[in-house]
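Read the structure below first, then the notes.
Protein chains in written order, with my numbering: chain A, -3 to 519; chain B, 431 to 807.
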């Protein structure tokens, strides 16, 4: 006899949440249920309303600034601020970790419940025991700045559990983690689930969704788009191949057939050439060893390699990051020859590279790609203004610039209120498009793209892929770095593999496979 | 909240304060003579506030301003009095006056350049280097003046601080400026209604200025200089690449550098201009007082910073307007003037002024964060 399955306990219910911003409705009648002991994957493109929904759940948008109900354990809750949400057992594990680098692990855990007179020793001991019980490999007295990103995330999780949070929200937790750290995170999430906590898991990565989730909820344009269960009516786990197309369709609102557009044949002319590029650290240690490669007009070259193999450093040395005034500070030394369109160019500051016809979309768009508080217009024309010649005090052609801004917004499908909107208010994918437009506005001949789709949703990803091919067809020489191998191989005509600052292998699009690349990268 | 709205609100507050003072002082406040003096007093702080706007926009600070005003003023005073240029007559006197002015500005330029150079070349925090310079320049002013006032400066030189543009020329200048303002107001993009409103308020201001300056001695030279600098400062910030670079540098220095903004040149340039404006103010102050004081210009830097901050420029850099700072300078000046007219004891004036500065900025920040909450996603 089969025993009737006990109905799962309902932890959280969001009912008909509607949230308006001036000029835009961010959420329209969105509902969500979370049961104890399950992982609910929350999916949707950037701008679909996931972040807004989580801000409502965590009390960032207080009760009264939205319509709808938050029900926890069957009781209505109205949060005035994030503290109320904490008290109700909700914890956010942030995408960009909200920690204090100078404080110790223990201090993070007890920060909001400190007595007025503190005696640290018992606190450290108590926290250490707590961490040991969890099985987290953390020392209570370490400063957070000494921890890796993965360990910092453990601190956030530990903090949530120390408060005995029952609803944990993970916002793209794996985006900065190494492979082993990801495996560890999966293990912890499964344990949390087994303890009967409810997990809301926001991610763009399909692998994770199918690895972890019990149910999936898709938002699109601020509305519930679809809900799926991993099990069918008979309780059998549904195959990924069946579910994934449905998911993608629900997210994008159309079917995505071919993610990677057709590659056109590259031209003959060599547009970009680098010869013997070496980079030395301030302590004299060499980081890049005589890296040489060339890119033809219309060719997309992929740079593959493990984290720390020197992929980004190649771009950074070619674009002035190691100039004494640059973000990395003084003491670095760069050697090597660079030719753009056959002419040798002297590169020192980013402005030199810009004038030579190069453009570099860095991987850290918030840190060094955008002025988040300023308008789309201002951001979009900055590099172009720097490249333009003439006196600084010449009047700019405002109407012509505005026409350009509007054209880019339209061509790249930037979702925004208008050119005057601050870029900080845009979603990640749309921010990335603004950075891309900023560099395209300088009419470059060579384009370096470092992780062009990081933190970008699937729809915007496909658009960026199409743009890369379109730009190649227009004759640009393009070099791409990406941690996602399928993406890199799908885009590139040629793949160069880096290992410890040296080029270790080169594959054409016909011969390349992920296995070959990984082999040449790790060895 | 958009910068346009803030300008309107600033103008409204200023108008309200003026009407209030008119009644509190039985009309003394709004006499042409008093308003002319008020404008002349505002001019110096205003000139400094224009430069300080740029300094704060790039995320910097310049604490040396007041001391540099004193030192440059002493420089001009030494040339006028100790070198005997004040006794020159005829054309020579005018040349002497201009050379004294030039020397004062040059002195400011050198100090400003040095500040900028130390900040960019040796990465010294602006707060530290300009704090040091504040003390050094004050000391130098005391050394060169032997700790005493240097006076009297020459008649021709004094015109810089005390002279007026004759009334017919004043009216002519105002007329032409109004015309240019009208044309640019109507050529700008936007709704017709907004344009008309802009123009109407502009017209009102110009008529007021014509009434005030026409009924007394004309437009004081310091005010003329201030207005020209304010217009230039505002135009450069909003319409030129230099302005775009300034905002970018303050908004995100790293992104600005990587987009190719020449941050060293820009930073040095802005501190140098701040120095030049301090030198100019030093000469104007000396000319207004008939002589140079080593203790002149005390706390001028803080008045300028207050004007900029009241004007809505963020101390973090990257957002703000020159127009706001100009309004801020007028607000502080009006407050000073009104309290003096009402014979409030000076010690109490300081307390009231401080309280009002804090309240103004608190109110502004609150309004802005409320605005940001409404528009943020």
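Where is the CB? At the ideal position from N, CA and C, for every residue including glycine.
How far does the beta strand (DSSP E) with residue i in it extend, from its first residue to its last?
{"i": "residue 494 of chain A", "result": "490 to 495"}
{"i": "residue 499 of chain B", "result": "No beta strand (DSSP E) holds residue 499 of chain B; the alpha helix (DSSP H) holding it covers 495 to 507."}
{"i": "residue 223 of chain A", "result": "219 to 225"}
{"i": "residue 711 of chain B", "result": "Looking at the DSSP string, residue 711 of chain B is not in any beta strand (DSSP E); the run it does join, the alpha helix (DSSP H), is 693 to 719."}
{"i": "residue 443 of chain A", "result": "442 to 446"}
{"i": "residue 196 of chain A", "result": "194 to 198"}
Relative to the alpha-carbon of residue i, which residue among the options has its alpha-carbon at the smallest distance?
{"i": "residue 520 of chain B", "options": "B:587, B:452 and B:726", "result": "B:587"}
{"i": "residue 206 of chain A", "options": "A:239, A:183 and A:249", "result": "A:239"}
{"i": "residue 517 of chain A", "options": "A:214, A:494 and A:66", "result": "A:494"}
{"i": "residue 808 of chain B", "options": "B:464, B:498, B:442 and B:449", "result": "Outside the displayed span of chain B (431 to 807) sits residue 808 of chain B, for which this structure offers no information."}
{"i": "residue 37 of chain A", "options": "A:175, A:201, A:439 and A:63", "result": "A:201"}
{"i": "residue 144 of chain A", "options": "A:120, A:173, A:183 and A:262", "result": "A:173"}
{"i": "residue 305 of chain A", "options": "A:233, A:166, A:287 and A:295", "result": "A:287"}
{"i": "residue 477 of chain A", "options": "A:29, A:281, A:222 and A:303", "result": "A:303"}
{"i": "residue 268 of chain A", "options": "A:384, A:442 and A:189", "result": "A:442"}
{"i": "residue 430 of chain A", "options": "A:376, A:482, A:454 and A:420", "result": "A:376"}
{"i": "residue 687 of chain B", "options": "A:363, A:509 and A:72", "result": "A:363"}
{"i": "residue 469 of chain A", "options": "A:299, A:260, A:256 and A:124", "result": "A:260"}
{"i": "residue 184 of chain A", "options": "A:352, A:491 and A:33", "result": "A:33"}
Under DSSP, the alpha helix (DSSP H) around residue i begins and ends at which residues?
{"i": "residue 854 of chain B", "result": "Limits of chain B in this structure are 431 at one end and 807 at the other, which puts residue 854 of chain B out of reach."}
{"i": "residue 211 of chain A", "result": "Unbroken run through residue 211 of chain A is the beta strand (DSSP E), 211 to 216; no alpha helix (DSSP H)."}
{"i": "residue 367 of chain A", "result": "Per DSSP, residue 367 of chain A belongs to no alpha helix (DSSP H) and is neither H nor E."}
{"i": "residue 87 of chain A", "result": "First-last for residue 87 of chain A: 86 to 89, but that is the beta strand (DSSP E), not the alpha helix (DSSP H)."}
{"i": "residue 392 of chain A", "result": "Segment: none, residue 392 of chain A is in no alpha helix (DSSP H) and carries neither H nor E."}
{"i": "residue 7 of chain A", "result": "Segment 6 to 17 is the beta strand (DSSP E) holding residue 7 of chain A; no alpha helix (DSSP H) there."}
{"i": "residue 25 of chain A", "result": "Here residue 25 of chain A belongs to no alpha helix (DSSP H); instead the beta strand (DSSP E) covers 20 to 31."}
{"i": "residue 746 of chain B", "result": "Here residue 746 of chain B belongs to no alpha helix (DSSP H), and DSSP marks it neither H nor E."}
{"i": "residue 456 of chain A", "result": "454 to 469"}
Got a sec? Which residues, its chain only, sit under 6 Å from residue i by beta carbon, not counting five neighbours each side?
{"i": "residue 597 of chain B", "result": "644 and 648"}
{"i": "residue 101 of chain A", "result": "134, 136, 138 and 151"}
{"i": "residue 11 of chain A", "result": "27, 64 and 65"}
{"i": "residue 266 of chain A", "result": "290 and 292"}
What separation, rounded to the nearest whole angstrom, lies between the Cα atoms of residue i and residue j?
{"i": "residue 404 of chain A", "j": "residue 379 of chain A", "result": "15 Å"}
{"i": "residue 386 of chain A", "j": "residue 374 of chain A", "result": "19 Å"}
{"i": "residue 391 of chain A", "j": "residue 755 of chain B", "result": "22 Å"}
{"i": "residue 513 of chain A", "j": "residue 506 of chain A", "result": "13 Å"}
{"i": "residue 231 of chain A", "j": "residue 449 of chain A", "result": "36 Å"}
{"i": "residue 356 of chain A", "j": "residue 437 of chain A", "result": "12 Å"}
{"i": "residue 321 of chain A", "j": "residue 447 of chain A", "result": "24 Å"}
{"i": "residue 722 of chain B", "j": "residue 278 of chain A", "result": "51 Å"}
{"i": "residue 171 of chain A", "j": "residue 452 of chain A", "result": "11 Å"}
{"i": "residue 502 of chain A", "j": "residue 301 of chain A", "result": "12 Å"}
{"i": "residue 234 of chain A", "j": "residue 228 of chain A", "result": "6 Å"}
{"i": "residue 742 of chain B", "j": "residue 532 of chain B", "result": "33 Å"}
{"i": "residue 326 of chain A", "j": "residue 103 of chain A", "result": "34 Å"}
{"i": "residue 706 of chain B", "j": "residue 661 of chain B", "result": "17 Å"}
{"i": "residue 199 of chain A", "j": "residue 396 of chain A", "result": "40 Å"}
{"i": "residue 131 of chain A", "j": "residue 369 of chain A", "result": "42 Å"}
{"i": "residue 611 of chain B", "j": "residue 349 of chain A", "result": "41 Å"}
Please confirm whether residue i has its beta-carbon closer than 7 Å to some beta-carbon of chain B.
{"i": "residue 389 of chain A", "result": "yes"}
{"i": "residue 371 of chain A", "result": "no"}
{"i": "residue 323 of chain A", "result": "yes"}
{"i": "residue 15 of chain A", "result": "no"}
{"i": "residue 71 of chain A", "result": "no"}
{"i": "residue 414 of chain A", "result": "no"}
{"i": "residue 451 of chain A", "result": "no"}
{"i": "residue 514 of chain A", "result": "no"}
For a contact meaning CB atoms closer than 7 Å, what does residue i contact in chain C?
{"i": "residue 663 of chain B", "result": "Included in the structure are the protein chains A and B, with no chain C among them."}
Beta-carbon of residue i versus every beta-carbon of chain A: anything under 7 Å?
{"i": "residue 795 of chain B", "result": "no"}
{"i": "residue 618 of chain B", "result": "no"}
{"i": "residue 682 of chain B", "result": "yes"}
{"i": "residue 577 of chain B", "result": "no"}
{"i": "residue 551 of chain B", "result": "no"}
Residues in its own chain within less than 8 Å of residue i by CB, not counting five upstream and five downstream?
{"i": "residue 584 of chain B", "result": "510, 515, 516, 517, 518, 523, 526 and 527"}
{"i": "residue 22 of chain A", "result": "15, 16, 45, 48 and 218"}
Spatial neighbours of residue i within its chain, please: C-beta separation below 7 Å, excluding the five flanking residues on both sides.
{"i": "residue 317 of chain A", "result": "323 and 324"}
{"i": "residue 402 of chain A", "result": "415"}
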